[in-house]
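In terms of the working numbering, the sequence shown is residues 1345 to 1461.
From the three backbone atoms N, C-alpha and C, an ideal C-beta is built for every residue, glycine too.
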Amino acid sequence: MSSTSKIVAVGAIFLGEALSILAELVASKQFGKAGGYLTTLLPMFLLVTIGGILLVCGYALGYMHLKNMWIIVAISVGAILVVEPLLTLLLFRDAPTAGSLIGLALGALGTLAAIFL
């Protein structure tokens, strides 16, 4: 797999996961504060749709060149393990637990191992 294709596939997966997680977190935060109005969720539906499109493209491009879905799955799971704690910290201002920090580190290592090994 060429370096450019690898970067595009991984970038699409990371960005797709980030947008999807962002939509989930913002929707849960807004929905809780606004008293449950459906209109507060509508912009998040668009955001999660864009994230899903990026994920499908990232998976397809990655599998097309790697011919190994397990590497793509590892990248996706690693992206979730890296992105979700960071966005939760930024949006909710909750301090991470020791387990969250360990998960973040292992997620980063797993993603790097899937890409480079």
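* Opening and closing residue of the alpha helix (DSSP H) in which residue 1398 lies -> 1386-1410
* In or out: residue 1381 buried (at least 16 other Cβ within 10 Å) or exposed? -> exposed
* To do: For the alpha helix (DSSP H) holding residue 1453, just list the boundary residues, first then last.
  => 1442-1460
* Are residue 1452 and residue 1418 closer than 9 angstroms when you measure CB to CB? -> no
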